[in-house]
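The block underneath contains the structure these notes are about, expressed in structure tokens.
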Amino acid sequence: MMNSDTQTIQVNDITLAYKEWPGEKGPVICLHSLIGHKGTFDQVAGRLAPEYHLFALDLRGRGDSDKPAEGYGFSYHARDVMAFVEAMGFERFHIIGHSFGATVGVYLASIRPMQVRSLTLIDGGADPKEEVMKAMYPAIERLGHAYESAEAYLAAMRELPFYAPWNPGLERFLLDHLAEAGNGRVQPKSSAAAIKKDLDVHFYYSMCVHFPTLQCPTLFIRPQNGLLGDKAHVLDEREAAAFVAWIPNCWRVDIPGVNHFTMILHDNPRVVPPIRAFLGMVFEEEG
Numbered sequence: 404m405m406n407s408d409t410q411t412i413q414v415n416d417i418t419l420a421y422k423e424w425p426g427e428k429g430p431v432i433c434l435h436s437l438i439g440h441k442g443t444f445d446q447v448a449g450r451l452a453p454e455y456h457l458f459a460l461d462l463r464g465r466g467d468s469d470k471p472a473e474g475y476g477f478s479y480h481a482r483d484v485m486a487f488v489e490a491m492g493f494e495r496f497h498i499i500g501h502s503f504g505a506t507v508g509v510y511l512a513s514i515r516p517m518q519v520r521s522l523t524l525i526d527g528g529a530d531p532k533e534e535v536m537k538a539m540y541p542a543i544e545r546l547g548h549a550y551e552s553a554e555a556y557l558a559a560m561r562e563l564p565f566y567a568p569w570n571p572g573l574e575r576f577l578l579d580h581l582a583e584a585g586n587g588r589v590q591p592k593s594s595a596a597a598i599k600k601d602l603d604v605h606f607y608y609s610m611c612v613h614f615p616t617l618q619c620p621t622l623f624i625r626p627q628n629g630l631l632g633d634k635a636h637v638l639d640e641r642e643a644a645a646f647v648a649w650i651p652n653c654w655r656v657d658i659p660g661v662n663h664f665t666m667i668l669h670d671n672p673r674v675v676p677p678i679r680a681f682l683g684m685v686f687e688e689e690g
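All you need for our numbering is the position in the sequence shown, starting with 1, plus 403.
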């Protein structure tokens, strides 16, 4: 499995950090969740390369990217992604998005239909229920805290019900997100204030107007489990069915035994086989 080191690029007066996995087909741009970072895709991209050429970005406010005080919401992230692909010299590209990153992908594919060649939406792309968005605030609050040690940070993360069952891939993802905070303490790299601004925008925006306008092939992957076990799905069964039906040229895959995070944050992510099959179909149809 291939690994990747962090690189940076200047776009829209900020520095965006990214990882790259060279490959034959692509490019494929990977966008993480609301509280995620580019390391979300380490295991997925490592398994899809070198057949596919992938880039995983830290959205502004996250990870190793700059964290400006303003400039949050779907339109700003879409502008950053477009600036990135233009700076890299790509005319057309594919998107794999997890959760909030999938929603950014839907927004971008809607406004740039000639450039986005396919969408893979990992439990995201629509408006989550209010209870789900409110459930994210405790995790966001933890991002703003400094911890006495990495072990103390992991202990706090273990308390969050949506990080269960715990696994080594999830632990590495969390540890990769830490930076020194002085006096031997550690703190997550992402900005809690920036993420709260993105979540606030989510509360007052409706994605449904974008669904019928999507022109590219789209794959929606949904976990069997919710954020709180048998409840708090990002989209419940009725909502997921309506979401897929509303998008032209959309397929759906359900994955048992995983939730919103463990479906991708794992040493052997269950999302890889359907993504590989979907991209294979897309590239075969394009010839």
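Where a beta carbon is used, it is the ideal one built from N, C-alpha and C, also for glycine.
Inter-residue Cα distance where the pair is S436 and R575: Roughly 16 Å between the two C-alpha positions.
Beta carbon of P659 nearer than 8 Å to that of Q627: For P659 and Q627, yes; Cβs fall inside 8 Å.
Three-state class that DSSP yields for R482 in the structure shown: Helix at R482.
Supposed contact pair W424 and L457 - C-beta distance, whole angstroms, cut 8 Å: About 5 Å; that satisfies the 8 Å criterion.
Span of the beta strand (DSSP E), counted from its first residue to its last, around P659: No beta strand (DSSP E) holds P659; DSSP gives it neither H nor E.
Neighbourhood of E689 by C-beta, 8 Å cutoff - its chain only, sequence neighbours within 5 removed: Answer for E689: R520, listed in chain order.
Local conformation of H609 per DSSP, three classes: The sequence shown places Ser at residue 609, rather than the His named in the question. Looking at S609 - three-state DSSP - the assignment turns out to be coil, as it is neither helix nor strand.
Cα-Cα separation between L631 and M539, rounded to whole angstroms: Taking the straight line from one Cα to the other gives about 11 Å.
Beta-carbon proximity check, L546 vs I412, cutoff 8 Å: Taking 8 Å as the Cβ cut-off, L546 and I412 do not qualify as a contacting pair.
Cross-strand partners of P626 (DSSP beta bridge): Beta-bridge pairing links P626 to I658.
Reference D483; option with closest CA among D526, D530, T418: Closest by C-alpha distance to D483, out of D526, D530, T418, is T418.
Of the residues E427, F477, E473, the one placed nearest D416, counting alpha carbons only: Ranking E427, F477, E473 by Cα distance to D416 puts E473 first.
Every unbroken alpha helix (DSSP H) inside the stretch 494-548 [4 residues or more]: Here the runs fully enclosed are 503-514, 533-538, 540-546.
Reduced DSSP secondary structure (H/G/I, E/B, other) of I650: In the three-state scheme derived from DSSP, where H, G and I count as helix and E and B as strand, I650 is classed as coil.
Nearest to E551 (by Cα), restricted to the options L451, V589, F606, D467: Looking at the Cα atoms, V589 is the closest of the given residues.
Distance between beta carbons of A486 and V507, contact taken as under 8 Å: Between the beta-carbon of V507 and that of A486 there is about 14 Å, and that puts the pair past the 8 Å contact cut.
Limits of the unbroken beta strand (DSSP E) element including L638: Counting along the chain, L638 falls outside any beta strand (DSSP E), and DSSP gives it neither H nor E.
A584: first and last residue of the uninterrupted beta strand (DSSP E) it sits in: Unbroken beta strand (DSSP E) run through A584: 581-585.
Top-ranked residue by Cα proximity to Y421, from I667, G466, D530: Cα-wise, what sits closest to Y421 is G466.
Option in E583, A597, G500 with minimal Cα separation from V447: Ranked by Cα distance from V447, the first of E583, A597, G500 is G500.
CA nearest to the CA of S468, picked from E489, T409, R495: Of E489, T409, R495, the residue nearest in Cα terms is T409.
DSSP three-state assignment for A595, whether helix, strand or coil: Helix, per DSSP.
Whole-Å CB distance - G527 paired with F503, under 8 Å assumed: The Cβ separation is near 6 Å, so the contact holds.
Rounded Cβ spacing between F695 and F646 (contact assumed at less than 8 Å): Since the first and last residues shown for the chain are 404 and 690, residue 695 lies out of range.
Same chain, Cβ closer than 7 Å to N662, neighbours up to 5 away in sequence not counted: Once the five neighbours on either side are set aside, the close Cβ partners of N662 are F565, P626, N628, G629, L630.
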